[in-house]
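Peer 1: The structure that follows is given in the form of structure tokens.
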Amino acid sequence: MKFVAIVGTNAKRSYNRMLLHYMQNHFDQATITVVDIQGIPMFNENHPETDPEAVVELAAAIAEADGVIIGCPEYNHSVPSPLKSVIEWLSYRLHPFADKPVMIVGASTYPQGSSRAQLHLRQILDSPGANAQVFPGNEFLLGQANRAFDDEGNLKDSGTIDFLTQCFDGFLDFVAMHQQFKKGDA
Ligand SMILES: Cc1cc2nc3c(=O)[nH]c(=O)nc-3n(C[C@H](O)[C@H](O)[C@H](O)COP(=O)(O)O)c2cc1C
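In our numbering, the protein residues as written are 7 to 192.
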């Protein structure tokens, strides 16, 4: 399977980016391409006829993928504005999330590991222009992310690794079920 993993921040240093790279490096049942949103301008409804090139490219990558993973940080108990802005672009003229399986993971330096932002992100991805198929349950919340990785970017805690692996295995099943359903075999 082929997944696009979106880093939900424009920050240069990001624990959510580290988390997605960890998944990319350790989960070989799928090809995971980590994508940054730093080059994407703030959404503007009055932007002339065409979308920015970076938006068009990201939309094409999502459209071709079997699923999307979003690494969601938490700012002010919600989704960071750069990530929200990207979803606005991708629910305006282009709709690559429509019917696309999406897994949400998140890391935060506070103990709750982006739990509030993840709940908001689920609602946002349910909105009419987005219409994603968000993988239910399996909330992977990495709290105190500043202590979670070693110098090589590996997660240190075996319980955390086991839970992330369990969530990812569940997502693979969810995507496979979704594909069967779309083919009419389910
Ligand atoms: C403006 C701002 C607001 C924040 N608000 C929250 C918050 O509400 N909850 C939380 O758990 N962490 C909050 N944080 C801390 C982030 O979890 C932390 O900066 C984290 O490293 C962001 O994810 P990243 O490393 O992937 O960029 C906030 C950080 C900033 C800069």
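Glycine residues also receive a C-beta, built at the ideal position from the N, C-alpha and C atoms.
1) If we count Cβ pairs, one from each stretch, closer than 8 Å, do we get three or more for the stretch 91–109 versus the stretch 124–143?
2) Residue 8 and residue 72 - do their beta-carbons sit closer together than 8 Å?
3) What separation, rounded to the nearest whole angstrom, lies between the Cα atoms of residue 37 and residue 30?
4) Would residue 43 and residue 13 qualify as a contact pair, given that the criterion is a beta-carbon distance under 8 Å?
5) Measure the C-alpha to C-alpha separation of residue 131 and residue 150 and round it to an integer number of angstroms.
6) What is the DSSP secondary structure of residue 85, reduced to helix, strand or coil?
7) Our contact map puts residue 94 next to residue 146 with C-beta atoms below 8 Å; I'd like the distance itself, whole angstroms only.
8) Name the residue from 25, 27, 47, 35 whose alpha carbon lies nearest to the alpha carbon of residue 16.
9) Buried or exposed: where does residue 120 fall if 16 or more other Cβ atoms within 10 Å of its Cβ makes it buried?
Peer 2: Taking the definition as stated:
1) By the criterion of at least three beta-carbon pairs nearer than 8 Å, the stretch 91–109 is in contact with the stretch 124–143.
2) Yes.
3) Residue 37 and residue 30 have their C-alpha atoms spaced approximately 7 Å apart.
4) Against a cut-off of 8 Å, the Cβ pair of residue 13 and residue 43 comes out as a contact.
5) One C-alpha to the other measures close to 26 Å.
6) In the three-state DSSP reduction, residue 85 falls in the coil class, being neither helix nor strand.
7) Not a contact, Cβ separation roughly 25 Å.
8) Ranking the options by Cα distance to residue 16, first place goes to 47.
9) Label assigned to residue 120: buried.
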